[in-house]
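What follows is a short report on a single structure.
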Ligand code: NAD
Ligand code: USQ
């Protein structure tokens, strides 16, 4: 049986991935320091869905399927010796690396959170790569990166999968061809750490021959997979608070309680999305299709479709009858952007993604409305402000806002 280590396997993407990989026959060991649960307590937030403690989750999985998933409470950024010992012992076929602080707003709260995000994310990635190289393992490192490394200032150029052919003109007018990492343009300290991860991957692939796949993932929506649905103790987390709640989850939760949908600015930001069921499938596909030793880092864009924030709000509003509110944008981001992204790589591997239109109702009825009693109103405001010039969100009437491209 082949071992897979899932770093961050107690989190939103990591938990359903661990279950799926276990179900398809891998021996899975989760490495997680449970920092995400700690941050929830720090913020006074909690998942809308009642997630069980990790020990109960694992016991339930064994009870329901007869399969065992191991768990090690290791901080991948700080407990290097423990990480090395585990990898030496397991000699995993792959390490799936989800173990980073992933909220852009949390990473912009203040000095403490900025420094924590950089320390945690950079060290975790570097420790994993250093350990794999030092132990001379043939392990495939599969990292969850983000579409945000490309920036969201797009003007319609299709974003390629990680690399870009360029021509550089030399002093004497001669043209040189180069293939470079697509220029990064991070929009938060969190996204900046993902840009920095890319350079570490490039170096360790070149210098140590580490086999690496970097998945540039869009915003993940949806909650449940076929595995997490098997028993309520296996339920996945659903974040809707101002730091960790992603935009669609926030709108769905707000609609369930009749709170106006908090559209930032004019809602002209276009973002990439993928359902959690497809995240899980993509990771299995990435594991099954590793780069050869010595090959450059494989970069795959892991997204299904793009949507403009105000269109999402309008969709949720039309489904539920709850109004949209246009609030001052707490972020420093382009007010309007186009986004076209290539996702050829996963489509060529056979991915047929779930689209928003197919899953939205299930999400509303089975999650937002079902667990509405667990909602904490105090966690709705987005309290993290990108730059000092920005003021906290003020709800404006729809009539006060101009819509450059409004339908
Ligand atoms: P999450 O916060 O729910 O899960 C991350 C998990 O990693 C948590 O369980 C946390 O306790 C653990 N962790 C963090 N630092 C660790 C450390 N130093 N050592 C051990 N464990 C540690 O986040 P998520 O939504 O599951 O995201 C997982 C990964 O996918 C992240 O790297 C994120 O950047 C990426 N990603 C997420 C999304 C999304 O929409 N959720 C989109 C694109 C990319
Ligand atoms: N937004 C609103 N109203 C809200 C919340 C968000 O209008 O109440 C807007 C934001 O201003 C932003 C967009 O919605 O323009 C997306 O914000 P988000 O919080 O849903 O997503 P983001 O901050 O980009 O981060 C999430 C994950 C992160 C992942 C990233 C993928 O938290 O881990 O890397 O999505 S991507 O966006 O492709 O970079």
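Residue numbers (the numbering used here): 6 to 412.
The C-beta atom is built at its ideal place from N, Cα and C for all residues, glycine as well.
Residue i burial status per 10 Å Cβ neighbour count (16 or more: buried)
i           : result
residue 222 : buried
residue 299 : exposed
residue 313 : buried
residue 47  : exposed
residue 195 : buried
residue 154 : buried
residue 100 : buried
residue 398 : For residue 398, the pLDDT reaches just 48, beneath the cut-off of 50, and the residue's location in the model is therefore unreliable, leaving the point undetermined.
residue 233 : buried
residue 231 : exposed
residue 49  : exposed
residue 2   : Missing from the structure shown is residue 2; the chain here goes from 6 to 412 and no further.
residue 360 : exposed
residue 13  : buried
residue 179 : exposed
residue 247 : buried
residue 163 : exposed
residue 383 : exposed
residue 370 : exposed
residue 307 : buried
residue 212 : exposed
residue 118 : buried
residue 309 : buried
residue 174 : exposed
Other residues of its chain near residue i: CB distance less than 6 Å, five sequence neighbours each side excluded
i           : result
residue 156 : 190
residue 57  : 238
residue 334 : 269, 270
residue 217 : 146, 206, 210, 302
residue 114 : 389
residue 224 : 251, 276, 278
residue 168 : 184
residue 228 : 241, 243, 372
residue 87  : 79
residue 82  : 125, 128, 129
residue 380 : 262
residue 200 : 154, 189, 191
residue 411 : Only weak support exists for where residue 411 lies, its pLDDT of 33 falling under 50; the value from the coordinates is given anyway. If we look at residue 411 and ignore the five residues flanking it on each side, it has no Cβ neighbours.
residue 401 : Note on residue 401: pLDDT 41, under 50, position unreliable in the model; no value is reported.
residue 219 : 148, 150, 206, 302, 304
Bridge partner(s) assigned by DSSP for residue i
i           : result
residue 220 : 149, 305
residue 313 : 275
residue 173 : 181
residue 127 : Per DSSP, none; premise fails for residue 127.
residue 25  : DSSP output for residue 25 lists no bridge partner at all.
residue 168 : 186
residue 70  : DSSP, once it has assigned bridges, lists no residue as partnering residue 70.
residue 32  : 8
residue 345 : 163
Identity of the residue in the options nearest residue i by Cα
i           : options           : result
residue 305 : 187, 198, 337     : 187
residue 135 : 208, 198, 175     : 208
residue 320 : 272, 194, 338     : 272
residue 295 : 159, 123, 215     : 215
residue 22  : 359, 285, 153, 71 : 285
residue 9   : 26, 197, 15       : 26
residue 352 : 87, 283, 386, 105 : 283
residue 387 : 355, 256, 203     : 256
residue 127 : 30, 212, 203, 355 : 203
residue 122 : 40, 289, 338      : 40
residue 292 : 212, 76, 130, 144 : 144
residue 105 : 6, 212, 151       : 151
residue 324 : 44, 65, 341, 362  : 362
residue 15  : 6, 43, 200        : 43
residue 72  : 89, 309, 30, 50   : 30
residue 70  : 172, 62, 77       : 62
residue 19  : 173, 36, 354, 322 : 36
residue 290 : 355, 316, 259     : 355
residue 326 : 67, 266, 393, 226 : 266
residue 339 : 358, 77, 193      : 193
residue 28  : 85, 109, 336, 235 : 235
Own chain, CB closer than 8 Å to residue i, minus 5 neighbours either side, in chain order
i           : result
residue 93  : 140
residue 98  : 7, 8, 9, 31, 144, 145, 292
residue 172 : 180, 181, 182, 183
residue 59  : 15, 35, 37, 39, 76
Neighbourhood of residue i by C-beta, 7 Å cutoff - its chain only, sequence neighbours within 5 removed
i           : result
residue 242 : 17, 52, 54, 56
residue 343 : 159, 160, 161, 275
residue 264 : 385
residue 406 : Its pLDDT being 36, under 50, residue 406 is placed unreliably by the model, and nothing is read from it.
residue 364 : 227, 280
residue 288 : 22, 101, 147
Beta carbon proximity, residue i to chain C, threshold 8 Å
i           : result
residue 176 : Absence of chain C from the displayed structure is noted, only one protein chain being present.
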